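Be aware that the sequence shown starts at 33, since it is given in our numbering, and climbs by one per residue.
Note that beta-carbon positions come from the ideal geometry of N, C-alpha and C, so glycine has one too.
All figures in this text were calculated on a predicted structure; none of them were measured in a lab.
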Amino acid sequence: MPWFRTLIQRTTILTQYSKSQKSTPIFTPPSLTQLLHFSTQAAESGGSGGGALTVTAGLGRTKGDEKPRVVVLGSGWAGCRLMKGIDTKVYDVVCVSPRNHMVFTPLLASTCVGTLEFRSVAEPIGRIQPAISSEPGSYFFLADCHGVDFENHVVTCKSLPDGAGNLEPWDFNISYDKLVIAAGAEALTFGIKGVKEHAIFLREVHHAQEIRRKLLLNLMLSDVPGVSEEEKRRLLHCVVVGGGPTGVEFSGELSDFIMNDVRQRYSHVKDYIHVTLIEAKEILSSFDDGLRHYAVKQLVKSGVHLVRGVVKDVQPEKIVLSDGTDVPYGLLVWSTGVGPSGFVNNLDVPKSPGGRIGIDQYLRVPSVPDVFAVGDCSGFLETTGKDVLPALAQVAERQGKYLAELLNKLGHAGGGRANSANNMDLGKSFVYKHLGSMATVGRYKALVDIRESKSAKGVSLKGFVSWFIWRSAYLTRVLSWRNRFYVAINWLTTLVFGRDITRI
């Protein structure tokens, strides 16, 4: 290993130098992090000596005989659709994300109660874009980006070695030819005290796992002798804050789980468990009025208690509404929409209404060469005359597809390098056409609202047919045949044997 021989040589030189000095300095052996960084740098330089040992390693500027590098920050709908469509014969792709998979969010609520297994909604990035696992110039880095030098085309990232023993996080740099910011958004808490400490969000697989563990733990604890009646009711009170599609779908899944699984397998406490959905205004406000009324009817019928109110404070065992009402809970799920992340807030770029990264009609960040933004972290600037698009999976996916086609076009025309496409014709701008909205509201019941906007005319469906359309549509939208198979088998297994109530 050339890098190791070079390290030994440097250690010997430093030791000899120390002996020649009047006051002998202390030589500290390099840490494991430094060794890892040194091995990366030495490998890139062929293991040759020269230059000081540095802690920060990374990917330097691409050379003339190398492919241009596209750096993608994030592994959500937009980033993964972009990576799937990018031409890896033209570009090297580097993805930086705190997770190595994409979450199929429309089915995430189903994993909380065992309708689906967690792996059914997680698509590995290496399957979405195989070049990341096989091509020498393409990588996935488990890290967060915390800074961008737009002038020098460099992003600064911090590794995420949690769970790797005593390995400390380190910074590293990546030079880019094209940068795509697809960093997503964060759950909105509106500055309410206690939300981050006591509520569980439903945006990632680990959130669903936490919800499932908490729910099953409370069910088992409430069955243990010595638990008071009041404590049983608190433990088994599941509160959902937020009446959007995620909150409604989770409430529907949870009520179905209670009606068809808990009542059979936890019969001693079946009369204690119930669900409350709290919304400040109207549930499913983007849907047709008739569909919203149907959703309310179905949720109430399945045992969900609907409360119109505003949360003022969140405490360890109860929430306080603005009218002073105390609502005890054993499980609190927070789903009140999303807003810009701290990373996006700190970027020195134009911002759209709402604080997102401002983009033009080609998804470029104006005044910043070779930088694009897609998904929930981006929004059209007012100067484009376009409305800010909603934070939906279909918006992000179609932006990712469009941008992949645009970058491929630039790459084939010789505009893949940094600062090489400033005056090129980009062709058609991005145009979004809303395909409609869907939501499930319980067992064999769903809503399908096919309209371009809330004020436009369209087709509204509800009931079993809508539920069948909902399942069929999302089954076909799952990215890989592997996960489609998992989802179909999970649905069949749940239908025949019921949900899995094992707490692991």
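| Query | Result |
| --- | --- |
| Terminal residues of the continuous beta strand (DSSP E) containing Arg101? | Arg101 to Leu105 |
| Would you mind listing the beta strand (DSSP E) stretches within the region 259-327 that are 3+ residues and don't spill past its ends, in chain order? | 269-273 and 306-311 |
| Applying the criterion that 16 or more other CB atoms from any shown protein chain within 10 Å of the CB defines a buried residue, is Tyr476 buried or exposed? | exposed |
| Taking three-plus beta-carbon pairs below 8 angstroms as touching, is the region 116-133 in contact with the region 172-190? | yes |
| By DSSP, does Ile521 sit in helix, in strand, or in coil? | helix |
| If you run the structure through DSSP and keep just helix, strand and coil, what is Lys460? | coil |
| What does a CB cutoff of less than 6 angstroms around Pro61 pick up in its chain, not counting 5 residues either side in sequence? | Confidence at Pro61 is low in this model, with a pLDDT of 41, below 50, so the placement of that residue should be treated as unreliable; the coordinate-derived value is given next. So the list is empty, once near-sequence residues are dropped. |
| Beta-carbon within less than 6 angstroms of Pro277's beta-carbon, same chain only, minus the 5 sequence neighbours each way: which residues are those? | Ala471 |
| Could you tell me whether the Cβ atoms of Leu467 and Ser498 are closer together than 7 angstroms? | no |
| Quick check on this structure: which residue in Pro385, Pro162, Phe289 and Val301 has the alpha carbon closest to the alpha carbon of Met252? | Val301 |
| Output the residue ranges of the alpha helix (DSSP H) runs that lie fully inside the region 414-492 and measure 4 residues or longer, sorted by chain position. | 425-444 |
| Ends of the alpha helix (DSSP H) at Phe500? | Phe496 to Arg509 |
| Measure the Cβ-Cβ separation of Ile326 and Lys494 and say whether it is below 7 angstroms. | Residue identity differs from the one stated: residue 326 is Tyr in this sequence, not Ile. A contact, by the Cβ cut-off of 7 angstroms. |
| Going by C-alpha distance, which of Val328, Val346 and Val125 is nearest Leu338? | Val328 |
| Is Val343 helix, strand or coil by DSSP? | strand |
| Spell out the partners DSSP gives Trp366 in its beta bridges. | Phe233 and Val273 |
| Could you give the first and the last residue of the continuous beta strand (DSSP E) run that contains Leu353? | Lys350 to Leu353 |
| Find the nearest neighbour of Ile310 within the set Glu262, Ser299 and Pro360, judged by alpha-carbon distance. | Pro360 |
| For Val186, which beta-bridge partners are listed by DSSP? | Asp181 and Ser207 |
| Put Pro156 into one of helix, strand or coil per three-state DSSP. | strand |
| Over the uninterrupted beta strand (DSSP E) stretch that includes Ser410, give me the two end residues. | Ser410 to Phe412 |
| Candidates Ile157, Arg449 and Thr534: which alpha carbon is nearest Tyr208's? | Arg449 |
| Should Ala214 go down as buried or exposed, given a rule of 16 or more other Cβ atoms within 10 Å for buried? | buried |
| Quick one, which of Met134, Gly96 and Asp194 has its alpha-carbon nearest Leu114's? | Met134 |
| In the DSSP assignment, what are the bridge partners of Cys127? | Val104 and Phe172 |
| Taking all protein chains shown into account, decide if Val397 is buried (16 or more other Cβ within 10 angstroms of its Cβ) or exposed. | buried |
| What are the partner residues of Glu218, as DSSP defines its beta bridges? | Gly371 |
| Using a Cβ-Cβ cutoff of less than 7 angstroms, which residues in the same chain neighbour Leu64 once the five nearest sequence positions on both sides are dropped? | Summary for Leu64: the model assigns pLDDT 40, below 50, so the residue's position carries little reliability, and this model does not support an answer. |
| Take Val343 and list the residues in its own chain whose beta-carbon comes closer than 7 angstroms to its own, dropping the five residues that flank it on each side. | Ile224, Val273, Ile310, Ile351 and Leu353 |
| Residue range of the beta strand (DSSP E) that Gly356 falls in? | It is not in any beta strand (DSSP E) - Gly356 carries neither H nor E in the DSSP assignment. |
| Going by CA-CA distance only, name the one from Ala154, Ser107 and Val125 that's closest to Asn440. | Val125 |
| If you follow the beta strand (DSSP E) that Ala89 is part of, which residue opens it and which one closes it? | Ala89 to Leu91 |
| Pick out whichever of Thr415, Gly258, Gly195 and Ile290 has its Cα sitting closest to the Cα of Leu268. | Ile290 |
| Could you check the C-alpha separation between Thr188 and Gly407 for me, to the nearest Å? | 21 angstroms |
| Rounded to whole angstroms, what's the CA-CA distance from Thr415 to Gln241? Just pull it up for me. | 43 angstroms |
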